[in-house]
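Residue numbers (my numbering): 37 to 250. So the structure is just underneath, and the comments pick up after that.
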Ligand code: ADP
Ligand code: ADP
Ligand code: ZN
C-alpha cells in the first residue's frame, strides 16, 4: 500500500503514522525526520536544509525530490510506504507521480488530515518528541506518564526548535500557499480521503483504518 499523509503542521500526521505503519507493515518516510537526522549528524544536506527549517520555509524542491526518490528505491519500500510531509508542493507531487508512472505504479490513497488553524499552533507549541525513539507527545493533549520521559523507551523528551509560535505561524502560512493546492490535485485523481483530525487521537486512527481496510 502506497500512502501519503497530507495536512498542515501539527495536524497529527506523525502521530497517526506510528499506528498506520505498525498495522500495515510499511515504512514511515518523513522528510522532516530525514532533515532533522541530517542536521543532528551535521551532514551537508542537514546544513543546507537548516536555514529553511529555522524560518519555517520549505527546503527547495530539487533537494527534497532526490532524497525521497533515493529512499523509495530501498528494499523495505518495495511493497509500499507511508509518505509523511511529502509532497508539499505541486512540483513535488508531479515529480512523485512521474517517478511512479515510470514503473507503472501509482499512489493508493492520500489521507488529508483536517484541523482548524487555531488548533494547530497550540498543538505544535506543546509538542514534545523522544530523543531516542522519536515518539511524539503533547504536554496537555497526549502527555507521557512521567513528565519529560518517553513511555515507550524511557528516553528524554525535547521540543523542536521550529515549534515556537512565530515559526509555526509561518509554517501554517506556507502550508496554505504551497501545500493546500495538493488537496484539489489529489481529489481530481480520486484518491483523496478526508479525515477530521480534531477528534481524539484514537478516533482519528479508527477513521483512517476504516477507509484503508483491515
Ligand atoms: P504533524 O506530524 O502533522 O506535524 P504531530 O503528529 O506531531 O503532527 O502532532 C502535533 C502535536 O499534536 C503533537 O504534540 C501530538 O501529540 C498532538 N496531537 C496529535 N493528534 C492529536 C489529536 N487528535 N488531538 C490532540 N492532540 C493531538
Ligand atoms: P510538521 O510535522 O510540523 O509538518 P515536518 O517535520 O514535516 O513538519 O517538516 C519540518 C521542516 O522540514 C519544514 O518546515 C520544512 O522546512 C522541511 N521540510 C520537510 N518536508 C519538506 C518537503 N517535502 N519540502 C520542503 N521542505 C520540507
Ligand atoms: Zn522513546
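Heads up, the beta-carbon is just placed ideally off N, CA and C, and yes, glycines get one too.
Beta-bridge pairing of residue 146 - partner residues as DSSP gives them: 40, 228
Which complete beta strand (DSSP E) runs does the region 91–173 hold, if anything under 3 residues is left out? 117–120, 145–150, 163–166
Taking the alpha-carbon of residue 101 as reference, which of 196, 129, 90, 78 has the nearest alpha-carbon? 129
Are the Cβ atoms of residue 132 and residue 65 separated by less than 8 Å? no
For residue 200, which three-state DSSP category applies? Three-state result, residue 200: coil.
7 Å CB neighbourhood of residue 173 in its chain, flanking five on each side removed: 164, 179, 180, 193
So, for residue 189: in the same chain, excluding its five sequence neighbours on each side, which residues have a beta-carbon less than 8 Å away from its beta-carbon? 166, 168, 169, 171
Just how far apart, CA to CA, sit residue 90 and residue 207? Using only the alpha carbons, I get a separation of about 10 Å.
Are the beta-carbon atoms belonging to residue 182 and residue 234 less than 8 Å from one another? no
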